[in-house]
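Residues in the sequence shown are numbered from 41 upward in steps of one, following our numbering.
Built from N, CA and C at the ideal position, the CB exists for glycine as well.
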Amino acid sequence: MRPGRRVVKMDVNQPKQEHLLALKVMRLTKPTLFTNLPVTCEERDLPGDLFSQLMKDDPSTVKGAENFMLGEMLTLPQNFGNIFLGETFSSYISVHNDSVQVVKDILVKADLQTSSQRLNLSASNAAVADLKPDRCIDDVIHHEVKEIGTHILVCAVSYTTQAGEKMYFRKFFKFQVLKPLDVKTKFYNAETDEVFLEAQIQNITTTPMYMEKVSLEPSIMYNVTELNTVNTRGSSHSTFGKMTYLQPMDTRQYLYCLKPKPEFAEKAGVIKGVTVIGKLDIVWKTNLGERGRLQTSQLQRMAPGYGDVRLSLEMIPDTVNLEEPFEVTCKITNCSERTMDLVLEMCNTNAIHWCGISGRQLGKLSPNSSLHLALKLLASMQGLQSISGLRLMDTFLKRTYEYDDIAQVCVVFSHLKPES
């Protein structure tokens, strides 16, 4: 056994059999910090400072913090404890010869039965030639738990007596694997083909967790940028602060931005139908450093619907001067499966006026291809104004596509310079 660990005997629901060998299966767990329950009273009460003095003399308390239930001593676990999904289950298996004769050809096999599969956890499948009286065969098995629900550890022992009789018995040990985290996701589809993912992670165990890593592994079509840090004076800091602990039942939000890779960005039809975004990889530690890891299944979003023609703004200023022309750059994408012959029409509004010729021919646009347009506008009213009034007409089908409220700009007096 590893130093600093305590073996906890597992429950066995199996009738005893007359065998020469005895099987013991125990779970290996780490100790925990002892916590005391402070008993205090006011000095004017009958006990006076008796309780406080007893707490100070208690060797299990932290000096100077006797009333905060903080312990500095380790206690060995007295029960099987909880096993959570993503953690490593460790067990100690011992086969002891209780008889006075030598036992031959001993084979110990350990299998883990889940709701979907049966796994062999034995370190070696080779038989031991002989086992003398009062000797034992020891083995330690490890398994990273990847399913929730009921698990059954099946330990089987076969051997041969001195008389040549072949013997066999097995025992079953049942335990439950619980869910440690509750993960919820939300998707936001931006106009520039970017996808923002918000992951809400809640600790549903009874102990704090140290969140070592929460990352997103994107699908093959996307690059990912984590938005969980801030840059201060040239260094990067977590938005959650220095303490990355997640208390029981607490929830933390992680944000990621996914951008299409350059080779897929121009393929409008491909990006439009992509629903698989990637999967989350979560690593945490509990108590005295027990590590757990979860990886979600492939996260899927609802694919946005752009219709036959998609119009997006590639470049637009945040602030413009009153009655001074400014430029915007538009991107027009043919999302249909047919070629279009487009005509651009511009309609003025009360606050925003288009500068240029309406009814301009844009030419033919093949399926899944795009074109860029640089357009000029002029604002006649102050304040936050919405850009509207663009119309695209397909001369082949005589169909018109209207685009209103595609963006907003802040209009100020020309002599008021916006703060940088």
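DSSP, read as helix, strand or coil, puts M289 in coil. Of all alpha-carbon atoms in F212, N268, L221 and T246, the one lying nearest the alpha-carbon of L237 is that of N268.
A distance below 8 Å between beta-carbons, with the five flanking residues on each side excluded, links R175 to the following residues of its chain, in chain order: H136 and N137. As for any beta strand (DSSP E) of minimum length 3 sitting wholly inside the stretch 176 to 256, the runs are 176 to 184, 189 to 200, 206 to 218, 221 to 229 and 235 to 243, ordered along the chain. Judged by pairs of C-beta atoms under 8 Å, the stretch 402 to 414 touches the stretch 357 to 376, as three or more such pairs exist. Assigned with DSSP and collapsed to three states, F453 falls in coil, not helix or strand. In this structure, the alpha-carbon of E234 lies about 51 Å from that of T115. For K96, the enclosing alpha helix (DSSP H) stretches over residues L90 to D97. Annotation: the continuous beta strand (DSSP E) that includes Q425 extends over G423 to I427. For H412, the uninterrupted beta strand (DSSP E) segment begins and ends at S410 to A419. Bridge pairing for H393: L418 [DSSP]. Shown here for F215: same chain residues with a beta carbon closer than 7 Å to its own, the five before and five after excluded, namely F120, I123 and H191 in chain order.
With a 10 Å radius around the Cβ and a threshold of 16 neighbouring Cβ atoms, R350 comes out buried. In this structure, DSSP gives P78 a state outside helix and strand, which the three-state scheme calls coil. Distance check between E330 and each of S454, R84, L68 and E83 places L68 closest, using alpha-carbon atoms only.
Counting other Cβ atoms within 10 Å of its Cβ, L424 stays below 16 and is therefore classed as exposed. Note on geometry: alpha-carbon atoms of I241 and G399 lie some 52 Å from one another.
In the DSSP assignment, L61 falls within the beta strand (DSSP E) that extends over L61 to T69. Inclusion of S155 and G126 in the CB contact set at 7 Å is not warranted, their separation being larger than that value. Per DSSP, the beta-bridge partners of V270 are H277.
The beta carbons of D170 and V142 sit closer together than 7 Å.
Counting along the chain, no beta strand (DSSP E) covers Q338, and no H or E run does either. Per DSSP, the beta-bridge partners of T72 are T115.
Under the three-state reduction of DSSP, P302 is assigned to helix. DSSP, read as helix, strand or coil, puts I260 in coil.
A straight-line Cα-Cα distance of about 45 Å links D89 and G332. Excluding five sequence positions before and after K224, the CB atoms of its chain that fall closer than 6 Å to its own CB belong to Q240, given in chain order.
Spatial neighbours of A414 in its own chain (CB-CB distance under 7 Å, excluding positions within 5 residues in sequence) are listed in chain order as E367 and T369. Taking one beta carbon from each stretch, the stretch 382 to 392 and the stretch 419 to 434 have 3 or more pairs nearer than 8 Å; the two touch. If you ignore the 5 residues before and after V168, its C-beta comes within less than 7 Å of the C-beta of I146 and I177, all in its own chain and listed in chain order. Taken through DSSP and simplified to helix, strand or coil, S406 comes out as coil.
Residue range T128 to N137 is occupied by the beta strand (DSSP E) that includes T128.
Under the 10 Å beta carbon count, C195 is surrounded by 16 or more other beta carbons and is classified as buried.
Here the alpha carbons of I133 and H182 stand approximately 11 Å from one another.
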